[in-house]
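Position one of the sequence shown corresponds to residue 5 (our numbering), numbered consecutively onward.
Positions of the beta carbon are idealized from the N, C-alpha and C atoms, including for glycine.
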Amino acid sequence: MNSNPEYQLNELPNSAIDLLGKYRKFWFERVESLKNNLHFEDYESIVLSAYNSIGLSAPLVVQVESPFQLMMLPALVRIKALTNKPTWKFIRDNATLPLWKRSIEFVDEQFTDEVLEHLGQLQSTWSKYPVLSIFARPRGPSHDSRQGFYQSILTSFEAEMQSKVAPPISEWIERETFWLEGALHSDRQSAVNIQLEAEMSRHNQLKIAIQNYTNIGTTQRAALPIFNRLGDGTGIVPEPLIREGELETQFKQQFGEKLFRVLERTIGTEDHPENEAFAKEMMHMLTGTSSDEWLTGQLSVGFNSTLFYPTLDGLPKYAFLIDAGLGHHLTEKRQTILNMRKLIANRTPICAFAEIAFICKEPLICSINEEGRFHSDDGPALEYEDGFKLFSLNGVTVSEKTVIAPHTLSVEEIDAEINLEIRRVMMERFGIGRYVLDSNAQVVSEDEVGILYRKLMTGDEPISLVRVKNSTPEPDGSIREYFLRVPPWVTTPKEAVAWTFDLEENEYAPEVES
Numbered sequence: 005m006n007s008n009p010e011y012q013l014n015e016l017p018n019s020a021i022d023l024l025g026k027y028r029k030f031w032f033e034r035v036e037s038l039k040n041n042l043h044f045e046d047y048e049s050i051v052l053s054a055y056n057s058i059g060l061s062a063p064l065v066v067q068v069e070s071p072f073q074l075m076m077l078p079a080l081v082r083i084k085a086l087t088n089k090p091t092w093k094f095i096r097d098n099a100t101l102p103l104w105k106r107s108i109e110f111v112d113e114q115f116t117d118e119v120l121e122h123l124g125q126l127q128s129t130w131s132k133y134p135v136l137s138i139f140a141r142p143r144g145p146s147h148d149s150r151q152g153f154y155q156s157i158l159t160s161f162e163a164e165m166q167s168k169v170a171p172p173i174s175e176w177i178e179r180e181t182f183w184l185e186g187a188l189h190s191d192r193q194s195a196v197n198i199q200l201e202a203e204m205s206r207h208n209q210l211k212i213a214i215q216n217y218t219n220i221g222t223t224q225r226a227a228l229p230i231f232n233r234l235g236d237g238t239g240i241v242p243e244p245l246i247r248e249g250e251l252e253t254q255f256k257q258q259f260g261e262k263l264f265r266v267l268e269r270t271i272g273t274e275d276h277p278e279n280e281a282f283a284k285e286m287m288h289m290l291t292g293t294s295s296d297e298w299l300t301g302q303l304s305v306g307f308n309s310t311l312f313y314p315t316l317d318g319l320p321k322y323a324f325l326i327d328a329g330l331g332h333h334l335t336e337k338r339q340t341i342l343n344m345r346k347l348i349a350n351r352t353p354i355c356a357f358a359e360i361a362f363i364c365k366e367p368l369i370c371s372i373n374e375e376g377r378f379h380s381d382d383g384p385a386l387e388y389e390d391g392f393k394l395f396s397l398n399g400v401t402v403s404e405k406t407v408i409a410p411h412t413l414s415v416e417e418i419d420a421e422i423n424l425e426i427r428r429v430m431m432e433r434f435g436i437g438r439y440v441l442d443s444n445a446q447v448v449s450e451d452e453v454g455i456l457y458r459k460l461m462t463g464d465e466p467i468s469l470v471r472v473k474n475s476t477p478e479p480d481g482s483i484r485e486y487f488l489r490v491p492p493w494v495t496t497p498k499e500a501v502a503w504t505f506d507l508e509e510n511e512y513a514p515e516v517e518s
């Protein structure tokens, strides 16, 4: 290699050039080889090195029992830290639902008064944090904690690379590794890509399920009255589209407006000087006149700070030097880069704050179908230590009832579902024929072949079913009926059945069927 006083690396050896040409395949194989159930100590080491790489003090690393806790604990920790003991006792005593009770117990186990006092000592450096504080937003520029944290890590990698690698070499490496980790731009049908695509789909499904469980529509719901008063036409938005999240409903059931009033009094008292620093922040949390608006802000803290699928786009650029035997040019960041690849390989949801990093444990149950999507038709597809479950049928998140007891669904429940994909799965589990009959669908016509029904569907194409009888009796002498799904444009049962045989109505002659 040529020497250069300004850069330590200004030429790639032949072995590195050869690896660069096939690095995409190498990268996926290496990531696949790193998959295993990491222990808490492994995650703690990974997180501490990441925080250190961007100049943050070592955080408290907490391994939570489920994505539910990953989202709930930031809100509960804030409440416990920023209010008084009677308020926290009120919450603890009035929680009745198992997941809530376990989350509150977990906070008491992990966040003692001594721990909270230690976390409070970190607040003096809020302004320089590139991530959201567990207690409040930084006093400096606002940051998205997901992008801020991980982007800061990548920025630190880039800073060292620029100081150790000549620009032409760095740009060359970047061009050859400029594919998003897991984005499947090419060679889509390879076994690695198909598996990775299914894996990304699973993580996205979990993220959406948690989002819908928390605060779906709350921002729109809170803003809707204002827009309506302005007369800008927002009132045409259907109310079901801005329904409250399940957690808000649970919150009201357990605590109601009473907790809101308790928290309001807590902030206003003068005998709790430790709360003064947070008075403005807490008042922002309590903006509005109802507890659900307060909870919306609380829950968004946890959900918006969780990275469900860490990809760290661009990481291969830096990992390449290590894999090519040139890692000595990244001495300060070498281990952090390797740690980040290990984190990617294990797809662990992480919620990073300035003072605390929450890491989610692996599920106790993870059931998938042949395509790699969450699926179980007799129980949860995902189940975690604290009892949090996700029910899924072929990659579609559904209710427990839809999986366990579909016969107990009602037409009203099915019709109330605004997600078309979920509604279709519910109808399939309930029985499409039973649904059409129980919903008093329109009888379009009858003839010697059977009966044609049509059911108009909100936001979806009509359901057309033809009801026919089997020409061959069952062993007990009974005649079995069948329901066949047909296009909505057919007008007679005979035309409908002919369509199932790819025939025109005048070509179909059931009397000569063999």
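Residue i versus residue j - alpha carbon distance
i: M344; j: N14; result: 26 Å
i: V35; j: I348; result: 8 Å
i: Y55; j: L394; result: 32 Å
i: G306; j: E499; result: 55 Å
i: K93; j: R82; result: 14 Å
i: T340; j: A163; result: 14 Å
i: E185; j: V447; result: Confidence in E185 is poor, its pLDDT being 48 and thus under 50, which makes the residue's placement too unreliable to answer from.
i: W503; j: Y457; result: 15 Å
i: S70; j: G391; result: 8 Å
i: L86; j: A79; result: 11 Å
i: P1; j: G383; result: Outside the displayed range of the chain (5 to 518) lies residue 1, so it cannot be described from this structure.
i: K337; j: S61; result: 17 Å
i: L16; j: H379; result: 47 Å
i: L424; j: K211; result: 19 Å
i: T310; j: L413; result: 33 Å
i: L42; j: F255; result: 34 Å
i: R484; j: I418; result: 26 Å
i: A187; j: S443; result: In this predicted model, A187 has a pLDDT of only 46, less than 50, meaning its place in the structure is not dependable; the value taken from the coordinates is given anyway. Taking the straight line from one Cα to the other gives about 44 Å.
i: D46; j: S53; result: 11 Å
Proximity below 8 Å, CB of residue i to CB of residue j
i: I363; j: Q114; result: no
i: E359; j: P63; result: yes
i: G376; j: E203; result: yes
i: V501; j: V453; result: yes
i: E387; j: I369; result: yes
i: V402; j: M430; result: yes
i: S137; j: I58; result: no
i: H207; j: R351; result: yes
i: A20; j: L330; result: yes
i: L77; j: F110; result: yes
i: L342; j: M165; result: no
i: V400; j: I426; result: yes
Cutoff 7 Å; reference residue i; Cβ partners in own chain excluding five residues on either side
i: A99; result: K105, I108 and Q258
i: E508; result: A502
i: E511; result: A502
i: E178; result: K321
i: Q12; result: K168 and H333
Cβ neighbour criterion (16 or more within 10 Å) applied to residue i
i: I230; result: With a pLDDT of 47 at I230, under the threshold of 50, the modelled position of that residue is not reliable, and no figure is offered here.
i: Y27; result: buried
i: L74; result: buried
i: E450; result: exposed
i: S482; result: exposed
i: K84; result: buried
i: D22; result: exposed
i: Q209; result: buried
i: P410; result: buried
i: L101; result: exposed
i: E465; result: exposed
i: S37; result: exposed
i: K89; result: exposed
i: T406; result: buried
i: A513; result: exposed
i: E50; result: The sequence given here places Ile at residue 50; Glu does not occur at that position. I50 comes out buried.
Sequence-distant residues of the same chain with beta carbon closer than 6 Å to residue i, five excluded per side
i: P320; result: W31 and T181
Cutoff 8 Å; reference residue i; Cβ partners in own chain excluding five residues on either side
i: I436; result: I467, L469, F487 and R489
i: A445; result: Y457, R458, K459, I467 and L469
i: N474; result: I483, R484, E485 and Y486
Range of the contiguous alpha helix (DSSP H) that encloses residue i
i: A420; result: V415 to A420
i: R345; result: R338 to N350
i: R377; result: First-last for R377: undefined, no H or E at that position.
i: Y322; result: L319 to D327
i: V111; result: P102 to Q114
Near the ligand SAH: residue i beta-carbon under 7 Å from a heavy atom
i: I108; result: Inclusion of the ligand SAH in the displayed structure is not the case, the ligand content being empty and no account of it being possible.
Opening and closing residue of the beta strand (DSSP E) in which residue i lies
i: D381; result: Premise fails: D381 is in no beta strand (DSSP E) and is neither H nor E.
i: L469; result: D464 to K473
i: L488; result: E485 to V490
i: F72; result: Note, F72: premise wrong, no beta strand (DSSP E); alpha helix (DSSP H) at P71 to L86.
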